[in-house]
Amino acid sequence: MARTKLKDILQSEKADYQVNVRGWVRSFRNNQFIALNDGSCMANLQVVIDPENTDEQLLKQITAGAALNINGTVIESPAKGQKVEVKAESIELYGECNPEDYPLQLKNRPSLEYLREIAHLRFRTNTFGAVFRVRHALAYAVHKFFNDKGFVYLHTPIITASDAEGAGEMFKVTTLPFDNTPRNEDGTVNFKEDFFERAANLTVSGQLEAELGAMALSEVYTFGPTFRAENSNTARHLAEFWMIEPEVAFNDIHDNADLAEELLKYIIKYALDNNREDLEFLADRLANEEKQKPQNERSEMGLVEKLEFVLNNDFERITYTEAIDVLMQSKPYKKKKFKFDVSWGIDMQSEHERYLVEKHYKKPVVVTDYPKDIKAFYMRQNDDGKTVAAMDILAPGIGEIVGGSQREERLDKLTQRMQEMDIPTEEMYWYLDTRKFGTVPHAGFGLGFERIVQFVTGMGNIRDVIPFPRTPGNCEF
RNA sequence: UCCUCUUUAGCUCAGCUGGUUAGAGCAUCUGACUGUUAAUCAGAGGGUCGUUGGUUCGAGUCCAACAAGAGGAGCCA
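When you line the first sequence up against my numbering, it's residues 3 to 479, in that order.
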């Protein structure tokens, strides 16, 4: 008999038919009631067995975590708590689960930190089941969004020799031996002997390659793993994370902001429409967590409310210059509550971004036209001579979620800026070629996938929204 | 990398100004239970108090170093 997923049984609420169900025991009560879960949904299926007619040995092996294959009949449940349940007719034990050794006893309410240490088992909890179902839904929604708009999914390289963007420290990729490393006469490593016959790294961004694609395919996006070797230990950073980077020919900075807002709203709506049960569970979890906090630190909205609020309201659009004005008019600035000073030209600190998003506007904010000196070489220079067409989207709770810009398409301006910033133009001939041969205005941005998963699930630590987090000092599993 | 906090049973925690044999809930084990819903009831076992060193008659408690974890900062997505 073909297996039926628990989601289908529980959603249809129909009764009086035979099923085969397979999954893992969440709990076994009263020698009679199995709460079974197969990961297809949040809820467990109650399987009722007749202890009189069940093998005693098998009965003892039905413990939390054990895997079962069950044939039975779906019936209306006589008790409260569930509409339907399965009356078991035969039970096969796939794999037992010794309770003395099993580290995941759910009734202990294990902390997220402890579950992180047993990340190979944490998928079996309600919280992580919900998080990873939502993560999947968001990933699928990203592809659907771009596909429906006619974008081409471009697979930019993971290994790259280009480190020109300066987005961060890079991981080296090499097959050279650590002892007897081949050296040049001046003592530097001779990469001519290496696999690629030159120094290579893991990518920090697919943007530059995506721009090359956009210069023919018009609309492309990348969605892949990205690596940063920075020693940053925060709840918002990973050494290996996934990034979404659309790049669109003929778009200016405003089209770019529109696209980012539309994408964010689309994928949030997709999760709300398709993962309601998971999000409501995560909302409850978050509400419980918030209860532990002092009143003034609690958020005003619940998780689902917050997501609906973001959907139903336009993102605030301001320029960097306006943002600085708002900050200088603000109470914390006047009362000297900010740790870092505010003046035109500064790179805004977390406390400043937080004030703008969480206190002043209370919704996502798109900040554009930053001073050129704090931004990357490829951003398009504005006519005022001091700002560039950069765009960041700041979200409540997690800060910068999107960073992008209109790109500098004018060859002379770009080359001049690269020289000012000591970017080797010869090595980057392929990038400059796009500006030589049929250059067009274009724009794009990067969206940190884990950050949006954090935002949608309400998880406070980025390590809890990726299956196996890689951070400084941690590469387990 | 910097600052602050934490580290006591399998998990989550309590342990006062240093003072006999270190506590709770849950989990686990044994037994009971044919309508449970974080099942319940009765009983049992389980700890070199993160590591090392120091102060002291005496350290889970005080001090130092180290380690791990968390929160914040920097950098960013």
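C-beta atoms are modelled at their ideal positions from N, C-alpha and C, and glycine is treated no differently.
Environment of residue i [buried if 16+ CB atoms lie within 10 Å]
i, result
"H122", "exposed"
"I270", "buried"
"D275", "exposed"
"K308", "buried"
"H444", "buried"
"Y19", "exposed"
"F197", "exposed"
"K267", "buried"
"N100", "exposed"
"D150", "exposed"
"F470", "exposed"
"K377", "buried"
"D466", "buried"
"K62", "exposed"
"M217", "buried"
"W26", "buried"
"R409", "buried"
Contact under 8 Å by Cβ, residue i with residue j
i, j, result
"L210", "F173", "no"
"D254", "A132", "no"
"N128", "M44", "yes"
"V306", "E324", "no"
"V390", "Y372", "yes"
"L284", "G460", "yes"
"N277", "V136", "yes"
"G446", "E247", "yes"
"V154", "G208", "no"
"L95", "L47", "no"
"M423", "G406", "no"
"I161", "A201", "no"
"E263", "V222", "no"
Euclidean distance between Cα positions of residue i and residue j
i, j, result
"R356", "E187", "52 Å"
"F252", "A143", "24 Å"
"S176", "T236", "Checking the displayed sequence, the identity of residue 176 turns out to be Thr instead of Ser. Near 28 Å, if we compare the C-alpha coordinates of T236 and T176."
"P366", "N384", "24 Å"
"V88", "V50", "6 Å"
"G41", "P184", "51 Å"
"G399", "L261", "22 Å"
"L140", "N192", "44 Å"
"A397", "I403", "6 Å"
"N258", "K16", "48 Å"
"R148", "I77", "One point to set straight first is that residue 148 is Phe, not Arg, in the sequence displayed. Answer to the nearest angstrom: the Cα atoms are 43 Å apart."
"P80", "N39", "21 Å"
"E102", "F340", "52 Å"
"D414", "F379", "13 Å"
"F225", "T436", "22 Å"
"R382", "W244", "26 Å"
"Q351", "G401", "10 Å"
"E199", "E291", "53 Å"
"Q456", "F180", "39 Å"
"H157", "T441", "22 Å"
"L70", "D10", "18 Å"
"L288", "E115", "15 Å"
Pick from the options that is closest to residue i, judged by C-alpha positions
i, options, result
"A68", "N55, P80, F30", "F30"
"Q59", "I93, C43, Q84", "I93"
"T228", "G460, P474, G448", "G448"
"H354", "P366, I326, G189", "I326"
"E360", "G83, M423, M303", "M303"
"R24", "A17, E78, N33, A90", "A90"
"P53", "D466, I36, L47", "I36"
"F439", "N55, Y272, E411, H145", "E411"
"R238", "R472, N463, K374, F479", "N463"
"N2", "A66, N33, T75", "Not covered by the structure: residue 2. The range shown for the chain is 3 to 479."
"L108", "E98, G97, F125", "F125"
"N476", "L240, E452, K337", "L240"
Other residues of its chain near residue i: CB distance less than 8 Å, five sequence neighbours each side excluded
i, result
"E310", "L274"
"E427", "First, the amino acid is wrong: residue 427 is Thr here, not Glu. Result list for T427: T417, M420, Q421, L434, in chain order."
Other residues of its chain near residue i: CB distance less than 7 Å, five sequence neighbours each side excluded
i, result
"N233", "P474"
"K7", "D40, S42"
"E242", "P227, F229, R472"
"V458", "V136, L140, I270, A273, L309"
"E452", "L240, F243, W244, I464, V467, I468"
"I320", "V367, V369"
Own chain residues within Cβ distance below 6 Å of residue i, not counting five before or after
i, result
"P105", "I120"
"N73", "N22, E91, S92"
"R5", "N22, R24"
"W346", "I326"
"M330", "V344"
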